[in-house]
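Peer 1: Chains as they are written, first to last, in our numbering: chain P, 1 to 244; chain R, 1001 to 1291; chain H, 2001 to 2936.
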Amino acid sequence: MPVDTKRVRGPEVSQSPSLFLCKPAKTLPPDGLRADGRQRDQVDVRPVFVRCGLVSQAKGSAYIEAGNTKLICCVYGPRETERKDETDMKCGRLTTDMRFTPFSCQERGSWIQGSHDKDLSLMLHESLQPALCLHKYPHAGIEMYDLVLSCSIRQDGTSYVVDPSYMEENSHSLVDSENQGGLTVAYLPSLNQISGLQSDGDMTEDTLTAGVRTCIEGCFKIYPVIQHALARAVRRAAPPPSES
Amino acid sequence: MATVQVSEAEKVYILHGIRDDLRVDGRGCEDYRHMEIETDVVSNTDGSSKVTLGHTVVLVGIKTEIGKPRPMVPDEGYLDFFVDCSANATPEFEGRGGEELGTELSNTLYRAFNNKHSLDLKSLCISPGEHCWVLYVDVLLLQCDGNLYDAISIAIKAALFNTKIPRVHISADDEGGREIELSDDPYDCVRLNVENVPCIVTLCKVGHRHVVDATLQEKACSVASLIMSVTHRGTVTCTRKVGGGSLDPESIFEMTEAGKRVGKALHAPLMKLLQQEESLGRKKQKVGFLS
Amino acid sequence: MLKSKTFVKKTRSGGVVKIVREHYLRDDIWCGSENCTECKQESAVLQRDACIESNLCSYPHYLIPDTNVLLQQIDVLEDPVIRNVIILQTVLQEVRHRSAPVYKRVKDMIHEKEKHFYTFTNEHHRETFIEREPGESANDCNDRAIRVAAKWYSQHLMKSQSDGDGLRVVLLTNDQGNKQKAEESSLLVYKCEEYIKSLIANPELVDRLALSNDDKNEISSSKVLFPEHLPLSKIQAGIKSGCFLQGTFRASRDNYLEATVFVQGEGEDSTEVLIQGLQNLNRAVNQDVVAVQLLPQSQWVAPSSVVLQDEGTAKDDSAEEEEEEEEKLKISAEVARKPTGKVVGIIKRNWRPFCGMLNVSQIKESTRHLFTPADRRIPRIRIETRQASALVGQRIMVAIDGWPKYSRYPNGHFVRSLGSAGDKDTEQEVLLLEHDVPHQPFSQAVLSFLPKMPWSITPEDMAKREDLRRLTVCSVDPPGCTDIDDALHCRQLDNGNLEVGVHIADVSHFIRPGNALDKEAANRGTTVYLCGKRIDMVPELLSSNLCSLRSDYILKLYFRGSWLLFHGFNFLLLPFFPSPPYVLVQASLTYAEAQMRIDDATKNDDITESLRGLNKLAKILKRQRIKKGALTLSSLEVRFHVDSETHDPIDLQTKELMETNSMVEEFMLLANISVAQKIYDEFPDCAMLRKHPAPPPSNYEILHKASKSKNVAIHTDSAKALADSLDMAKVDCFPYFNTLLRILATRCMMQAVYFCSGMDSDFHHYGLASPIYTHFTSPIRRYADIIVHRLLAVAIGADTTYPDLMDKHKQSALSNNLNYRHKMSQYAQRASVAFHTQLFFKSKGILNEEGFVLFVRKNAIIVLIPKFGLEGTGPTLKVEQHTFSIFDKVKVTISLDDSNIQHQKIRMALTHPVILGVSVPTPDVEPQAKKSKLDR
């Protein structure tokens, strides 16, 4: 966006007013209900709203809402590769790109892709790639082995919360205990394969293992919803012969 | 990562060998290659180290500077990672080619250190909200022969151990402004406690088994790897799956366990070695880059 | 071999940065000793038999001083007796950090070949290099480096010894810890004091020892007399925040308990802060840069009009006496109060060696004596010396070492003796030293730039310059003058106009810019004329011979003439010639001779004719000037008749002004003004000009007060008004009144100064009523004139410029130096006159003369004796009941009071009007006592 030279610039160093708000002690006690009423230590995933085919321009698109998180995704292609010097001409290639809009977070983000965005793009790439039959390329249509689903948990001491909200994910617990961290797992349900795994924080190996299992459970919970949405979109786009 | 072309036959050969716990260069599945560590190689930095793991060579330099703490955490200092994949390592890294890989490595490092326990960030604070120590960790890849994550993490741990932060104290002058005063003794410095600094272990899934410290050929045969960052107590600070393939949950559990075992075992000899080197003090023979 | 030095530094923006430096070690550094057979040195500096008679070290030895010894005892080490000293690189670098002047002196000593001082770079020598250990402070590290180097030296020299009693190395240090450690490693080490004391052949060196802090335990009173000075960091913070002010400390000449600090404000104004009382003065010495804190307004005082000298004893607990004096000062009116403050810290000391005399202590065995400097603004200094009896009656130089807070006087040490007090040469030396007049003989470097004799104009020069030998040029100067720089000629042209030329010696032909001769002349700034002696700015070959326009039938090189054509009563200034001419001087006359020639109607030769013409024109010029408002002021100048054999003054008279003085003066002024205009037109940015700022109205107060007392009106709003009212100021029966008034008016004037045209906008010369002025006509005795010559040469295309000439900042700095030197030379000249006056009166006994009251002070009156051009004051002229007013006629006896040899005074005692208890009876010596009326 071109810089508006007539605009009066603000001070060079500016800070978000959220820093100066008196933060109420939002960190909830380790036991007890979560802020939105869901249960702890249980696979209690937020309800999800999914629709496909919203972006008419794209080959495929989807919109998802979970809690206050809203996401749009578009798929373009297949198209010719630009980098002709790639030696790997035998199979197709997947490019992923993920961005936060500047108004999406608590503090205004920037237009340029930051490191967090790049990181998530990479993760997305790694998680999606196993599911695609890229070797079947260059035939039309993109075949996939399975849908890729993902779930994350947040470990806080001995209890965990599944599908954490923003507050739960970023709150620094006052209790300095052993197991603290987060885990995200991308899963292919019908093949029982984990295509993506990421954790941070400080956890023991057992906690990790248990967490992975919990995430897999969570994925199974969403699976039918996604399947239903996909079927619906397909049916609308190309109605079955019996109905026409 | 630099790629190597492996033919199908070679792949099969490697796979079969690993199945029998026998790798091409004769190691076991959970053995590391020959590792050499040297600290204090770059005199301009406040801490530095050079690690040679097989043919992978990594150089880490740490510079300390006084900066402003992050607004959300005014009483802590912080680390700033930067990984530079120089064209020295492979021609693919020429120009901006290595940037992607560098970003990936930096991000992983951030996540590995993003917990309360790795480094005591509160000790890096000089005056809350105003001054804190910022440690700029710069990693330079000199030669690339697989298993970058492990080499980098070991080098970082050694460099942090070697870092000498000058001792400062803040004095308030008459108007209330703060003056930073340095002690003029060059030996008067603060050392960091690197006990809890994690080490990264990369486990590559080759066939049905996993190997630690894969060479480039072995990497070419694997579909996916798991990167784990393990502390000396056995806690896992960061895990990540890399690679274009998918993994079985069971194998993930196996690999986690193996990684924890290997990682835990890595720390003790490393610390011992570092302390030994430190105790040599001035008499240490500097080997440098020409060895 | 490569080592590296690492240290951490703070950056300006508050960050911290680590610095790594490479450090190379060598093994080919020589030890410098003649005796050494190992080092392959080309020329050894240290002598083989380094003997110095000492009862501690009877063998030949070299000395290694440590840093503190070098810093404090520099005067001892400078003595020619001390030779064969090794200065280590560590020591030299530390000295450089701590004191620049001492470092310079050390470097000079090292360069002097006869001193045999050798610099040993111990930090780069492989065997003497040490690395700083953890836990070692910087000082300890340096001390260790010195010990290691000393040890290496002794071992190294031992190797070259064939016999047992060979060269040894002695370490000099005052530090207890260092000494102990050195003794442990079997080094020869002595304290500086004990070593110097052991030099039995040279006992006078002991006196030069500066007192170090360890020896202070002898001082009995440990009472803290003065408040502590604040550390530099606090002072700087205070100045930044505005609590303290920074300024130059100027002690009062008349009152030792008072001083003023000049604080440089924004731009050109400076505020003055008055400091009164010993505690508030807080050990500041004249010319120091100090930090003052203003006292609250209720404590402000007025400058005292009391004259007070420090007659106190040497005891430290005479504080009560001081307090009494201070109380006297405190009575003052509200109105006269000025901002008062107290000194809280010293930012920079400006100590230099001071001339003065020793006050021998009353206690017989005491070695501590008080030294009274000649300059009244400097406090007395306590020194320790054994030769007190030898130094009585001598003028000596003393340097201050320090002023601890429990001592009433600063501590110092003896530097050297100048000669007996009262002796003419000694006094002259003191005068020159105190007024910072460079008077050493010209160095070889400077003399090398003089042209070789015999010198004559080369044919190329003749071709480049215009031949004006046909003109009748003559110079008119005071008798006995050898540096003649100007000459005039005047001739009638065919068309009835008079052509006049002013010829000035072309000094810039001989003094080329940038060489040593030029630099020395620029430093000296001006020739100083003392009574009977002249300190030249340029070597005599140039000043009295080659450049001087004497009439000895040798062609002289000249610079411009300003050529003036007179037609009627107006004159035209011809454009300057493109090349400077050369002429032949027909005659060099004195003023008196010239006057005689003009008056003698029988003489009609060319020279006389031209003189007459010049005289006529000069009068016209003067009239024009007066019309514009030029001031003619008066000052008393005396001339001494000096006995040819003893060189003592026999008689002194006021100088008389003749017509010819005025004649020369007029043309010189005209030349100066026209040259000023020319160079300013050509170089508006960097012309060297002279201005005389108009005095502020407050300066005229004394003039107004004086004139009002006689009911005469003086208008001071403009120069012309002042000149006119001075001309009209006459009082019946009081013919001298006008002169007195003019003398007073002179005192009101500001000082004229040189300045660079690019740095200032006010060019006006008040006294001459000229919009622009410069000095052009005396290049032999003033450096400013040489600069103006060079500028003019470029302007007419006769010479090339050089970068410094065009740089206005350099010109400005140069003019500041010239102003300073000019001022100092004036003070020196006046002091010389005063000294000769005193010498004169010494031989005369008591004289009885008439005088006029010039100033009235609280406890004294200042009387002017017109016959001798003398002003006198003194505490004996205490006036209490009788009111004196200015210009009252009085009679006084004059005698020389030589009770205080340093400050011999002309004592005047009042004989008439008779006041009980004050005046003295008229002596019967001179029966001249007329009954004179007191003028009202």
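Ideal Cβ placement from N, Cα and C applies to all residues, glycine included.
It should be emphasised that the depicted structure is a prediction, and the values quoted were computed from it without experimental measurement.
Could you please give the first and the last residue of the uninterrupted alpha helix (DSSP H) stretch that includes H/Ile-2673?
Peer 2: 2659-2682
Peer 1: Listed from N- to C-terminal order along the chain, which residues in the stretch 204-222 of chain P have their beta-carbon within a distance smaller than 8 Å of any beta-carbon of chain R?
Peer 2: Thr-204, Glu-205, Leu-208, Thr-209, Val-212, Arg-213, Ile-216
Peer 1: Using 7 Å as the limit for Cβ to Cβ distance, is P/Gly-32 near chain B?
Peer 2: Looking at the structure shown, chain B is missing, and the protein chains on hand are P, R and H.
Peer 1: Does the stretch 2731-2739 of chain H come close enough to the stretch 2749-2758 of chain H to have 3 or more Cβ pairs within less than 8 Å?
Peer 2: no
Peer 1: Let me confirm a value: H/Tyr-2024 is counted as buried when at least 16 other C-beta atoms fall within 10 Å, else exposed. Which label applies?
Peer 2: H/Tyr-2024 comes out exposed.
Peer 1: Please report the straight-line C-alpha distance between H/Leu-2896 and H/Thr-2837, rounded to a whole angstrom.
Peer 2: So the alpha carbons of these two residues sit roughly 10 Å apart.
Peer 1: Look at the Cβ atom of H/Ala-2521, then the Cβ atom of H/Tyr-2783, and state whether they are nearer than 7 Å.
Peer 2: yes
Peer 1: Does H/Gly-2532 have its Cβ less than 7 Å from a Cβ in chain R?
Peer 2: no
Peer 1: Going along chain H in order, which residues have a C-beta closer than 9 Å to the C-beta of R/Tyr-1187?
Peer 2: Arg-2132, Glu-2133, Pro-2134, Gly-2135, Glu-2136
Peer 1: In terms of alpha-carbon separation, which member of H/Arg-2376, H/Asp-2599, H/Thr-2632 lies closest to H/Thr-2739?
Peer 2: H/Thr-2632
Peer 1: Thinking C-beta only, is R/Thr-1056 closer than 7 Å to R/Ser-1049?
Peer 2: no
Peer 1: Could you tell me how far apart the beta carbons of H/Ala-2706 and H/Phe-2852 are, in whole angstroms, since I believe they sit closer than 8 Å?
Peer 2: Taking a contact as a CB-CB distance under 8 Å, the pair H/Ala-2706 and H/Phe-2852 does not count as one, their CB atoms being some 11 Å apart.
Peer 1: Helix, strand or coil for R/Arg-1019, going by three-state DSSP, please let me know.
Peer 2: helix
Peer 1: Could you check what DSSP says for P/Tyr-255 in three-state terms: helix, strand or coil?
Peer 2: Past the boundaries of the shown model lies residue 255 of chain P; chain P is included only from 1 to 244, so the question cannot be answered.
Peer 1: Helix, strand or coil for H/Arg-2256, going by three-state DSSP, please let me know.
Peer 2: Here the sequence assigns Tyr to residue 2256 of chain H, which means Arg is not the residue at that position. The answer is coil: DSSP assigns H/Tyr-2256 none of H, G, I, E or B.
Peer 1: Leaving out the 5 sequence neighbours to the left and right, which residues in its chain are closer than 7 Å to H/Ser-2725 when beta-carbon positions are compared?
Peer 2: Ala-2713, Ile-2714, His-2715
Peer 1: Please classify R/Glu-1008: is it buried, with 16 or more other beta-carbons within 10 angstroms of its beta-carbon, or exposed?
Peer 2: exposed
Peer 1: Using the DSSP secondary-structure output, state which residues sit across from H/Tyr-2024 in a beta bridge.
Peer 2: Note: H/Tyr-2024 sits in a beta bridge opposite H/Leu-2002.
Peer 1: Give a yes or no on contact between the stretch 1261-1268 of chain R and the stretch 1215-1235 of chain R, applying the rule of three or more CB pairs nearer than 8 Å.
Peer 2: yes
Peer 1: Could you confirm whether any beta carbon from chain R is found closer than 7 Å to the beta carbon of H/Ser-2389?
Peer 2: no
Peer 1: Indicate the three-state DSSP secondary structure (helix, strand or coil) for H/Asp-2401 in the structure shown.
Peer 2: strand
Peer 1: Taking DSSP as the reference, what is the three-state secondary structure of H/His-2369?
Peer 2: strand
Peer 1: Ordered along the chain, which non-local residues of its own chain (more than five positions away) have a Cβ less than 6 Å from that of R/Leu-1149?
Peer 2: Checking the displayed sequence, the identity of residue 1149 of chain R turns out to be Tyr instead of Leu. Within the same chain, R/Tyr-1149 has close Cβ partners Ile-1200, Thr-1202, Ile-1227.
Peer 1: If we count the other Cβ atoms within 10 Å of its Cβ and call it buried at 16 or more, is H/Met-2158 buried or exposed?
Peer 2: exposed
Peer 1: Just confirm the distance between the C-beta atoms of R/Ala-1220 and R/Gly-1245, as a whole number of angstroms; I'd bet it's less than 8 Å.
Peer 2: Actually they do not touch by this definition, with Cβ atoms about 12 Å apart.
Peer 1: With C-beta atoms as the reference, is R/Pro-1091 less than 7 Å away from H/Val-2016?
Peer 2: no
Peer 1: State the Cα-Cα distance for the pair H/Gly-2568 and H/Phe-2868, rounded to the nearest angstrom.
Peer 2: Caution is warranted here: a pLDDT of 46 is assigned to H/Gly-2568, below 50, making its placement in the model unreliable, and no coordinate value can be reported.
Peer 1: Considering only the alpha carbon of each residue, which of H/Pro-2779, H/Phe-2776, H/Asp-2477, H/Phe-2449 lies closest to H/Ala-2587?
Peer 2: H/Asp-2477
Peer 1: Report the partner residues of H/Phe-2117 according to the DSSP bridge assignment.
Peer 2: H/Val-2085
Peer 1: Expressed to the nearest angstrom, what Euclidean distance is found between the alpha-carbon atoms of H/Met-2759 and H/Ile-2673?
Peer 2: 20 Å
Peer 1: Drop a sphere of 10 angstroms on the beta-carbon of H/Asp-2600, count the other beta-carbons inside from all chains shown, and report buried for 16 or more, exposed for fewer.
Peer 2: Taking all protein chains shown into account, H/Asp-2600 has fewer than 16 neighbouring C-beta atoms within 10 Å of its C-beta and is therefore exposed.
Peer 1: Cutting at 7 Å between CB atoms, please list the residues of its own chain near R/Cys-1204, excluding the five before and the five after it.
Peer 2: Close CB contacts of R/Cys-1204 within its chain, under the 7 Å cut and outside five residues either way in sequence, are with His-1210, Val-1211, Ala-1214, Glu-1218, Lys-1219, Ser-1222, Ser-1225 (chain order).
Peer 1: Which class does H/Met-2750 belong to by DSSP, given the choice of helix, strand or coil?
Peer 2: coil
Peer 1: Which runs of the beta strand (DSSP E) fall wholly inside the stretch 1091-1157 of chain R and span at least 3 residues, in chain order?
Peer 2: 1125-1127, 1131-1143
Peer 1: Please state whether DSSP places H/Ser-2707 in a helix, a strand or coil.
Peer 2: helix
Peer 1: Within the continuous alpha helix (DSSP H) that includes H/Met-2824, where are the two ends?
Peer 2: 2808-2844
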